[in-house]
Every structure is written in structure tokens, then in C-alpha cells.
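Everything in the sequence shown is counted per our numbering, starting at 667 for the first residue and increasing by one. Where a beta carbon is used, it is the ideal one built from N, C-alpha and C, also for glycine. One structure is given here, and the rest of the page talks about it.
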Amino acid sequence: GFKLRCTNRIPFSRGLGSSAAAIVCGVLLANHCLGAPLSPSECLRIATELEGHPDNVTPCLSGGVCAAVRTERGEVLYSNVPLALELRAVLFIPEISVTTVHARALLPATVAREDALFNVARSSLLVAALASGRADLLAEATRDRLHQPFRLPMFPAGATLLRNAMDAGALGAFSSGAGPSVLALCDSEPAAEHVRDRLVSSAREQSVAGTAITLELTARGAYVD
Numbered sequence: 667g668f669k670l671r672c673t674n675r676i677p678f679s680r681g682l683g684s685s686a687a688a689i690v691c692g693v694l695l696a697n698h699c700l701g702a703p704l705s706p707s708e709c710l711r712i713a714t715e716l717e718g719h720p721d722n723v724t725p726c727l728s729g730g731v732c733a734a735v736r737t738e739r740g741e742v743l744y745s746n747v748p749l750a751l752e753l754r755a756v757l758f759i760p761e762i763s764v765t766t767v768h769a770r771a772l773l774p775a776t777v778a779r780e781d782a783l784f785n786v787a788r789s790s791l792l793v794a795a796l797a798s799g800r801a802d803l804l805a806e807a808t809r810d811r812l813h814q815p816f817r818l819p820m821f822p823a824g825a826t827l828l829r830n831a832m833d834a835g836a837l838g839a840f841s842s843g844a845g846p847s848v849l850a851l852c853d854s855e856p857a858a859e860h861v862r863d864r865l866v867s868s869a870r871e872q873s874v875a876g877t878a879i880t881l882e883l884t885a886r887g888a889y890v891d
């Protein structure tokens with residue numbers, strides 16, 4: 667046997683998918699050490715079982731933007747969404763942390779039909795907007811009624827940060843994962859820098875400690891070098 671020490675640079679319990687990244691790295695490393703007996707689809711299946719859902723491990727493995735589901739038989743089906751937009755992501759990562767278990771406990775057991783339809787329609791619009799290059803649709807396509815209204819109160823500054831990101835020119839702004847991090851989409855580096863600066867100043871005005879970073883989207887998934 668051997669001991670492995672891993673450094674995960676993704677902050678924990680911030681809605682950034684750190685557990686999915688760690689799981690994918692572990693699966694790929696084990697597969698590599700064993701001579702790569704597992705296919706990409708088998709690696710995805712194992713990673714999904716360990717994570718509990720395919721939402722985060724799928725883009726970790728495949729790269730880019732993708733939609734994924736797990737069928738009743740346990741099969742993971744996914745498709746990459748071709749991006750017709752040059753996007754930058756701006757993240758504000760507060761120092762407070764919220765566990766996934768706690769974030770899930772905040773959600774109601776049932777939702778109103780109109781709220782479910784609201785989200786389904788905008789999820790479809792989001793995929794269409796990304797694939798067709800319709801940046802003007804992202805603000806509406808990233809609106810939500812199923813989780814942000816229940817989770818944002820655990821990070822009181824979140825709603826103001828989202829509003830200020832949009833006022834600063836973001837194409838869309840929303841909670842990253844289960845939160846409390848805030849993510850904004852921009853169409854250029856200058857726009858992203860402006861939104862980042864506004865998030866920093868907004869957080870300072872509310873006495874919220876955290877870090878704001880700008881990220882590029884990558885179409886390449888995880889790999890062993």
C-alpha cells in the first residue's frame with residue numbers, strides 16, 4: 667500500500683464542487699496506477715456513485731458546460747453544450763462555509779407547480795442561450811425559484827452582491843452551487859474585472875470577508891499528466 671497526501675485548492679463548503687474535484691482526481695489517479703482498465707464512462711459512473719449525483723463530477727471529467735442526469739437504472743447520461751459565447755466567470759468566495767447537508771436541509775420537501783415550471787423553462791432557455799450565443803438571455807435564464815430563495819438568507823450579503831454584480835454589467839449572477847459563493851458571468855476580461863471590483867467593494871461595504879477571483883471556462887476535463 668501507499669500513503670497519498672492531496673492538496674485541494676478549491677475551498678471547502680462554499681458551493682464550488684470541491685468534493686467532486688477530489689473524487690474525480692482520486693478515480694483518475696487510481697485508474698492510472700492500475701494501468702487504465704476503466705473507460706471514461708466507467709470512471710464517471712464510479713465518481714457519480716461516490717459523489718451521489720452527476721452534476722459536478724461530469725463537467726470535472728468532460729470539461730466545459732454539460733447537462734447530466736442519472737437514470738433509474740443508475741446510468742449517467744450527459745451531453746456537452748457547445749458554447750457560442752466567450753465567457754468569463756467572476757467568483758466571490760466568502761470566508762463563511764456552509765455544509766452541503768445543511769444547505770440541502772434548507773430546501774422545502776415540496777414546491778409549487780408554477781415554481782417548478784419557472785425553473786424548467788429557464789434551464790432550457792439557458793442551454794439554448796449558451797449554444798446560440800444569446801448573451802442577452804442569460805439574465806433571465808439564470809433566475810431561480812427553487813433554491814436561492816431558501817438558501818440566500820443563510821448568507822445575508824448574498825442578495826446584495828448578486829444585485830450589484832448585475833448593476834455592474836454581469837450577464838447573469840447567481841449562487842454558486844448550494845452557496846454561499848456568488849458567481850457572475852461576463853463577456854470580456856474588462857467587464858469581469860469591473861464586476862469583480864464591484865463585488866469586492868460591495869462586500870467591504872457590508873463588512874463581509876472573502877476573496878473575488880476571475881476564471882476562464884475550459885473545455886478540457888480532468889486528466890493525468
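Using three-state DSSP, classify residue i as helix, strand or coil.
i: G887; result: coil
i: V693; result: helix
i: R800; result: coil
i: S841; result: strand
i: I879; result: strand
i: S705; result: coil
i: V874; result: coil
i: C852; result: strand
i: I676; result: coil
i: G824; result: helix
i: A836; result: coil
i: H719; result: coil
i: R864; result: helix
i: T711; result: A small correction: the amino acid at residue 711 is Arg; Thr does not occupy that position in the sequence shown. Correct three-state label for R711: helix.
i: S685; result: helix
i: R829; result: helix
If you measure between the beta carbons of residue i and residue j, is that distance less than 7 Å?
i: A686; j: I676; result: no
i: T880; j: R864; result: no
i: V764; j: A823; result: no
i: L804; j: A795; result: yes
i: V693; j: V747; result: no
i: C726; j: V767; result: no
i: S867; j: L827; result: no
i: S679; j: A750; result: no
i: P720; j: T714; result: yes
i: L791; j: A807; result: yes
i: G681; j: S842; result: yes
i: T877; j: G729; result: no
i: R809; j: R829; result: no
i: G667; j: N722; result: no
Among the residues of its own chain, which have a CB less than 8 Å from the CB of residue i, if the five just before and after it don't count?
i: F821; result: P760, I762, V764, G845 and P846
i: A825; result: L818
Cutting at 6 Å between CB atoms, please list the residues of its own chain near residue i, excluding the five before and the five after it.
i: A850; result: V756, A831, A836, A839 and V861
i: V890; result: L694 and H698
i: Q872; result: A823
i: A834; result: H860, V861 and R864
i: R886; result: G729
Given residue i, which residues of its chain have a CB within under 7 Å of its CB, disregarding the five upstream and five downstream residues?
i: V777; result: L812
i: A769; result: R817, A844 and G845
i: E855; result: R754
i: T737; result: L743
i: A733; result: Y744, S745, V747 and V793
i: F758; result: L827, S847, V848, L865, A869, G876 and A878
Against chain D, with Cβ distances strictly below 7 Å, would residue i count as a contact?
i: I712; result: Although the question refers to chain D, the structure presented lacks it and comprises just one protein chain.
Runs of alpha helix (DSSP H) wholly within the segment 763-821 (minimum 4 residues, chain order): Here the runs fully enclosed are 766-771, 779-798, 804-807 and 814-817.
Which runs of the alpha helix (DSSP H) spanning at least 4 residues fall entirely within the segment 723-764, listed in chain order? 723-728
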